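If you count the sequence shown from 1, position 249 lands on 249 in the UniProt record's numbering, and the numbers rise without skipping.
From the three backbone atoms N, C-alpha and C, an ideal C-beta is built for every residue, glycine too.
From a predicted model like this one, the values you see are computed outputs, not experimental measurements.
Structure, as structure tokens:
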Amino acid sequence: MTVQNPALIDRACLIVHGPDQPGIVAALAALITRHNGNIVTLDQYSSDPVGGDFFQRVVFHRLDLIAAMGDIEADLAKTLEPFGMEWTLTDQSVPKRMAILASKSDHCLLDLLWRHRRGELPVTIPMVISNHTNTAEDVRTFGVPFFHVPSQAGPDKSESEAAILKLLEGNVDFVVLARYMQVFSGDFLEKVGVPVINIHHSFLPAFIGAGPYRKAKERGVKLIGATAHYVTEDLDEGPIIEQDVVRVTHVDTAEDLQRRGADVERAVLSRAVAWHAEDRVIRQGNHTIVF
1 MTVQNPALID RACLIVHGPD QPGIVAALAA LITRHNGNIV TLDQYSSDPV
51 GGDFFQRVVF HRLDLIAAMG DIEADLAKTL EPFGMEWTLT DQSVPKRMAI
101 LASKSDHCLL DLLWRHRRGE LPVTIPMVIS NHTNTAEDVR TFGVPFFHVP
151 SQAGPDKSES EAAILKLLEG NVDFVVLARY MQVFSGDFLE KVGVPVINIH
201 HSFLPAFIGA GPYRKAKERG VKLIGATAHY VTEDLDEGPI IEQDVVRVTH
251 VDTAEDLQRR GADVERAVLS RAVAWHAEDR VIRQGNHTIV F
């Protein structure tokens, strides 16, 4: 059954990107008008008006949108073909399905569940998967199914990855790693077939490995932060969606840094999730345009 957000019924989001050239904005505005649409918001960016790349996000209202989607999509394909543009059109009233993967740390996991319950995240959450069971009861109090998939010891994670893929297949539109402390193989990322978003402290690679906040304290850092990014085969080097920092001083202990770092992680991850769910993020190579 399709779940709809009543506040967003009859609103479509159109994402367009490709080589910049004259006439794109006019052609898209005329197309929306032809289909009795009314533009609600429009954001655009050009990396260079001569030989650069063009990006646009436009949200428009159209009565009985669902019935008109097929005709609009056919017109888009015909209109944008001469421009060589890539595009996606989504019904904003249908929230994306987001699976959450977590380990022992619960701050990002519970924050996402709490924000979702408050209506701050335009998603549905069909499942939480964890390699530990300590958060199971907390997750279930939010009415979200919890699945325990233990991690395998050693470098071969194929069995646990296969179990996770079986749970995700056909049930989600994207995956969020809410401090999930396992590294996925390239095979998993290829088979999962949907975007995967990760959150980590911004010390990488300067404070890589165990005890990053202890190492940061020893170095006397003045800023701590967090980065949310898409996951690729290159560890922690995928396209960045959002970052933030908070200033600290010499009086802060390693425990203070960890606590304040957790606050930043929660905020950064929630913003990244919301922007992805609202189709505000366009990936180009290894960077992003965020409207």
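For residue j and residue i, the rounded distance between their alpha carbons
{"i": "L113", "j": "L63", "result": "32 angstroms"}
{"i": "Q243", "j": "A228", "result": "6 angstroms"}
{"i": "G285", "j": "D20", "result": "17 angstroms"}
{"i": "D236", "j": "G261", "result": "17 angstroms"}
{"i": "L14", "j": "D75", "result": "13 angstroms"}
{"i": "M127", "j": "V144", "result": "6 angstroms"}
{"i": "R259", "j": "V251", "result": "14 angstroms"}
{"i": "F188", "j": "Y180", "result": "15 angstroms"}
{"i": "K222", "j": "T253", "result": "12 angstroms"}
{"i": "H287", "j": "Y45", "result": "14 angstroms"}
{"i": "M69", "j": "R11", "result": "11 angstroms"}
{"i": "F60", "j": "F54", "result": "19 angstroms"}
{"i": "G84", "j": "I24", "result": "10 angstroms"}
{"i": "L101", "j": "T232", "result": "16 angstroms"}
{"i": "P82", "j": "G18", "result": "11 angstroms"}
{"i": "D48", "j": "M98", "result": "35 angstroms"}
{"i": "E255", "j": "G211", "result": "11 angstroms"}
{"i": "F146", "j": "V139", "result": "7 angstroms"}
{"i": "D106", "j": "I125", "result": "16 angstroms"}
{"i": "A274", "j": "G238", "result": "18 angstroms"}
{"i": "E73", "j": "D173", "result": "20 angstroms"}
{"i": "A277", "j": "A178", "result": "16 angstroms"}
{"i": "A136", "j": "F184", "result": "22 angstroms"}
{"i": "T33", "j": "G154", "result": "58 angstroms"}
{"i": "L168", "j": "N134", "result": "21 angstroms"}
{"i": "V50", "j": "R219", "result": "46 angstroms"}
{"i": "Q182", "j": "V246", "result": "26 angstroms"}
Contact set for residue i: own chain, Cβ-Cβ below 8 angstroms, skip 5 residues either direction
{"i": "D43", "result": "Q56, R57, V58, F291"}
{"i": "S270", "result": "D111, L112, R115, E120, L121"}
{"i": "D156", "result": "none"}
{"i": "R266", "result": "H107, C108, D111"}
{"i": "A29", "result": "I39"}
CA nearest to the CA of residue i, picked from the options
{"i": "D234", "options": "L269, V248, L257, G186", "result": "G186"}
{"i": "I241", "options": "K222, H250, V176", "result": "V176"}
{"i": "N198", "options": "L80, A272, H17", "result": "A272"}
{"i": "T141", "options": "I100, F188, R117", "result": "R117"}
{"i": "G193", "options": "G170, A12, F60", "result": "G170"}
{"i": "Y230", "options": "A210, S105, G211, V196", "result": "V196"}
{"i": "E201", "options": "C108, D71, I289, R283", "result": "According to the sequence displayed, residue 201 carries His and not Glu. Residue C108 is the option with its Cα nearest to H201."}
{"i": "D71", "options": "P22, N36, I289, E137", "result": "N36"}
{"i": "G52", "options": "A29, L65, I66, P22", "result": "P22"}
Same chain, Cβ closer than 6 angstroms to residue i, five either side skipped, listed in chain order
{"i": "S93", "result": "Q4, N5, L8, I9"}
{"i": "S160", "result": "V149, S151, Q152"}
{"i": "T79", "result": "A27, L31"}
{"i": "V268", "result": "A226, A228, E242, D244"}
{"i": "R283", "result": "P239"}
{"i": "A162", "result": "none"}
Cβ distance (whole Å) where residue i is taken to contact residue j below 8 angstroms
{"i": "H132", "j": "S158", "result": "With 8 angstroms as the limit, H132 and S158 do not qualify as a contact, their Cβ atoms being about 20 angstroms apart."}
{"i": "G225", "j": "V264", "result": "6 angstroms"}
{"i": "D279", "j": "T90", "result": "6 angstroms"}
{"i": "V123", "j": "K96", "result": "5 angstroms"}
Bridge partners - residue i, DSSP secondary structure assignment
{"i": "T33", "result": "None; T33 has no bridge partner."}
{"i": "H201", "result": "A226"}
{"i": "N38", "result": "H61"}
{"i": "T124", "result": "R97"}
{"i": "S130", "result": "A102, H148"}
{"i": "P19", "result": "D53"}
{"i": "R283", "result": "T288"}
{"i": "L89", "result": "L14"}
{"i": "D43", "result": "R57"}
Chain-order list of residues whose beta-carbon lies under 7 angstroms from that of residue i (same chain, five-residue window excluded)
{"i": "F207", "result": "K215, A216"}
{"i": "I164", "result": "I129, V149"}
{"i": "L257", "result": "Y213, A216, K217, I224, V248"}
{"i": "W87", "result": "L14, I15, V16, L76, L80"}
{"i": "K191", "result": "L165"}
{"i": "I289", "result": "Y45, F55, I282"}
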